[in-house]
Structure formats: structure tokens, C-alpha cells
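Student: After the C-alpha cells below, expect a handful of questions from me.
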Amino acid sequence: MLEVLTEILHVIIEYGVLFFEYFGVGVLLFSGIKGIITFVSGRPVHLQLSKGLALGLEFLLIGEILHTVIVQTVDDMIFIGCLIVIRMFLALIINHEIESKQEQKLHKRKFEKELEHLEHEVEQEKAAHNH
85 MLEVLTEILH
95 VIIEYGVLFF
105 EYFGVGVLLF
115 SGIKGIITFV
125 SGRPVHLQLS
135 KGLALGLEFL
145 LIGEILHTVI
155 VQTVDDMIFI
165 GCLIVIRMFL
175 ALIINHEIES
185 KQEQKLHKRK
195 FEKELEHLEH
205 EVEQEKAAHN
215 H
């Protein structure tokens with residue numbers, strides 16, 4: 085009975101791993117294609133592409149973590165552990181990049197609003213000075 089339950093768990097996990105890996109690859113492909121279209125149209129692509137990469141890596145990471153449940157050998161565990169570390173490292177770098185780009189956009193918007201406000205004040209002073 086225990087062997088049957090173990091075999092069922094292995095099958096469920098194998099299908100789960102395949103599902104998340106295929107989904108992660110699908111997200112990466114979709115993000116890449118969307119990034120190419122955005123790039124060709126002349127719009128900024130970096131932030132959008134980074135978000136797609138981060139999301140795709142997260143799904144791939146789920147698949148690897150699930151895979152650790154059914155690992156039988158130390159060599160397999162080391163290999164999967166290395167994959168997890170690499171993917172987590174890549175995800176951290178990409179997420180840092182996303183945060184940096186979003187912060188830059190925020191600073192740019194603040195600067196543009198301040199500049200707009202200053203221009204408006206200068207126009208008001210010129211108008212008051214002319215009267």
C-alpha cells in the first residue's frame with residue numbers, strides 16, 4: 085500500500101514538474117516575443133522584458149523545488165540544488181534590476197513634475213512682471 089502511494093506521489097510530482105517547467109518556458113517565450121515586438125516598435129522594453137524573465141524563472145524554480153521531493157541520489161540532489169541556486173540568483177538579479185528601473189522611472193516623473201511646476205512659476209512671474 086505504501087509503495088502504491090509513493091508511486092502516485094512520484095507521478096503527481098513528475099506531472100507537476102513538467103507543468104511548471106512548460107509554463108515557465110511558455111512565459112519566457114511569450115515575454116521574449118512581446119519584448120521583440122515592443123523593441124521593434126521603438127518603445128522601451130527593458131522593464132517589461134525583465135518582469136517576464138523574473139516570472140518565467142519563478143515558475144521554473146517551482147518545478148525544481150517540486151523535483152527535490154522525489155530525488156533519489158545525492159548527485160541528483162546536488163545537481164538540482166545547483167540549478168535552484170543559479171535560478172534564485174538570476175531571479176534576485178532581475179528583481180533588483182526591476183526595482184532599480186522602477187525607482188528611476190519614479191525619480192524621472194518627480195523631476196518632470198518639479199520642472200513643470202518651476203516653468204509654470206516662471207511664466208507667472210513673467211506675466212506679473214509685464215503687467
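Just so we're aligned: the sequence shown equals residues 85 to 215 in our numbering.
Yeah, the Cβ is synthetic: ideal placement off N, Cα and C, and Gly gets one too.
1. By alpha-carbon positions, which one of F107, E105, G126 and L133 ends up nearest to K118?
2. Taking 9 Å as the CB-CB cut-off, is G119 touching chain D?
3. Taking 9 Å as the cut-off, decide whether the C-beta atoms of K189 and L131 are in contact.
4. What first and last residue would you give for the alpha helix (DSSP H) that runs through Q156?
5. Flag A175 as yes when its Cβ comes closer than 8 Å to any non-hydrogen atom of the ligand COA, and as no otherwise.
6. Please confirm whether G147 and G116 have their CB atoms less than 9 Å apart.
7. From F143, E142 and L93, pick the residue whose C-alpha is nearest to that of V155; which is it?
8. Below 8 Å on the Cβ atoms is my contact criterion, and I expect H111 with T122 to pass it. Report the Cβ-Cβ distance as a whole number of Å.
9. Thinking just about the alpha-carbon of each residue, which of S125, L86 and T152 is nearest to the one in G100?
10. Quick one: Cα of K135 to Cα of N179, how far?
11. When DSSP labels each residue in this structure, what does T152 get in the three-state scheme?
12. Taking C-beta to C-beta, are F33 and L150 nearer than 9 Å?
13. Is the Cβ-Cβ distance between L202 and A175 less than 9 Å?
Tutor: Here's the rundown:
1. L133
2. Within the model displayed, chain D is absent; a lone protein chain is all it includes.
3. yes
4. Looking at the DSSP string, Q156 is not in any alpha helix (DSSP H), and its letter there is neither H nor E.
5. Ligands are entirely absent from the displayed structure, and the ligand COA is therefore not among its contents.
6. no
7. L93
8. According to the sequence provided, residue 111 is Val. The question's His does not apply to it. Not really, about 16 Å apart at Cβ, beyond 8 Å.
9. T152
10. 8 Å
11. coil
12. In this structure the chain extends from 85 to 215, so residue 33 is not present and cannot be described.
13. no
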